[in-house]
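See below for the structure under consideration.
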Amino acid sequence: MSASGGLVANQNLSRADTITDRVISSFEGCDSDRLTEIMKSLTRHLHEFAKEVSLTTQEWMAGIDFLMATGKISSDKRNEFILLSDLLGLSSLQVAINERVGDATESTVLGPFFVEGAREFSNGEDISDGANGEPTFVSIKVVDTSGAAIGDVTVDVWGSDADGFYDVQYDGDKLFNRGRFKSDEQGRVSFWSILPVAYPVPSDGPGGALLKATKRSNMRPAHLHFALTKEGYSQVVTHLFVAGDPFLGNDAVFGERESLICEFTKVAGDIGSSDPRRRDEHYEIEHVFKMAQI
Ligand code: BEZ
Ligand code: FE
């Protein structure tokens, strides 16, 4: 009988494998099968990781400090935990696991710069709102998996400026290069924006420190974000990537998808055009998004 009165007779309380089994058993009383499954699996993998690398006290403490710093730098405008999830490929993996509904457009990471309630625009308008960058005309069509147009889809769009910064990364409340549209009966949405550029993910916090310590790139290939929402359809949260970008295949957040790489075509100015923006050289892109019915 043990000193603790036989409660754990035949168990060696200090052995690494017994500790893991005991923690796993501790979740048996949980009412939720799903939470039990998640916590047991998390424990198993976390403990396996510690054993595999023979985690030292100093390393474990460094990890705790790292998570503390991640919490401290986070705010309602910045979620460093999401960035960590992105940098470790967990966000991209989680999206991939929950995909892909039939033949619908592939989704990818949401990223930290989506803003709820962006300004509403009509087809043909300019969302760049003074952001510097090369004028780009974007024409998209939203269809279902049979190819039929879907009207009244809410289409959110957001992108950085030519310096690689999103509006919300600047001081103040000014929003630019983001907007919300409704697709028309032909499923069409069109607008002026600016040519996406490659940019670094926010690198002044623990996420950036991790990239630096492991000599990883902090760059994302040029892209424009889209979120398509309509009741009765599976939401599509995605990007269009600029073909030829040198960082494709080396995205800091592993968000690229082959099917989302598009040609942004340079178009010579047409002096006779009634639209002044078309009189100068600009870029154009056309893309069809497919949504699947739920
Ligand atoms: C973005 O594309 O906006 C983004 C995604 C993940 C991390 C940082 C930025
Ligand atoms: Fe982005």
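The opening position of the sequence shown corresponds to residue 91 in our numbering, with each subsequent residue numbered one higher. Each residue gets a CB set at the ideal place from its N, CA and C atoms; glycine is no exception.
The region 211 to 277 contains, as complete beta strand (DSSP E) runs of 3+ residues, the segments 225 to 234, 244 to 248, 268 to 272 (chain order).
With respect to the 7 Å criterion, ALA382 and GLU353 are not classified as neighbours on the basis of their beta carbons. Listed in chain order, the alpha helix (DSSP H) runs fully inside the region 125 to 171 are 147 to 163, counting runs of at least 4 residues. Sorted by position in the chain, ASP176, GLY201, PHE203, VAL291, VAL343 make up the residues whose C-beta lies under 5 Å from a heavy atom of the ligand BEZ. About 17 Å separates the Cβ atoms of ILE240 and VAL247, ruling out a contact at the 8 Å cut-off.
Excluding five sequence positions before and after PHE281, the CB atoms of its chain that fall closer than 8 Å to its own CB belong to PHE211, ASN213, GLY214, GLU215, ASP216, ILE217, PHE227, VAL228, VAL247, GLY269, PHE271, given in chain order. In this model, GLN276 and SER164 are separated by some 42 Å (Cα to Cα). Per DSSP, ALA299 is one residue of the alpha helix (DSSP H) stretching across 296 to 303. The way I'd put it, the region 313 to 333 does touch the region 193 to 200; three or more beta-carbon pairs between them come closer than 8 Å.
Residues of the same chain with a CB within less than 6 Å of the CB of THR355, apart from the 5 flanking positions on each side, are GLU374 in chain order. DSSP places GLN383 in the strand class (E or B) of the three-state scheme. PHE204 is not a Cβ neighbour of PRO296, given a cutoff of 7 Å. Per the DSSP secondary-structure output, LYS320 pairs with nothing in a beta bridge. Burial state of VAL378 is exposed, judged by a 10 Å Cβ sphere holding fewer than 16 other Cβ atoms.
Bounds of the beta strand (DSSP E) holding LEU330 are 326 to 332. Spanning the alpha carbons of ARG347 and LEU330 requires a straight line of approximately 9 Å. The beta-bridge partner set that DSSP reports for ARG310 consists of TYR289. Following the DSSP letters along the chain, one finds THR108 in no beta strand (DSSP E) but inside the alpha helix (DSSP H) bounded by residues 106 to 115. In the DSSP annotation of this structure, VAL343 is not part of any alpha helix (DSSP H), being labelled neither H nor E.
Non-local C-beta neighbours of GLY249 in its own chain, meaning closer than 8 Å and more than five positions away in sequence, comprise TYR256, ASN267, ARG268, SER283, ILE284, PRO286, HIS313, LEU314, HIS315, ordered along the chain. By the neighbour-count criterion, in which a residue is buried when 16 or more other Cβ atoms sit within 10 angstroms of its Cβ, ARG369 is exposed.
Here the region 137 to 154 does not lie against the region 165 to 174, with fewer than 3 beta-carbon pairs under 8 Å apart. Classified as exposed, PRO336 has fewer than 16 neighbouring CB atoms from the shown chains inside 10 Å of its CB.
Under the three-state reduction of DSSP output, VAL279 falls in the strand class. In terms of CA proximity to VAL258, ALA208 leads the group THR304, ALA208, ASP107. Inclusion of THR126 and ILE114 in the CB contact set at 7 Å is not warranted, their separation being larger than that value. In the three-state DSSP reduction, VAL378 falls in the strand class (E or B). Between the beta-carbon of THR244 and that of THR319 there is about 5 Å, and that keeps the pair under the 8 Å contact cut.
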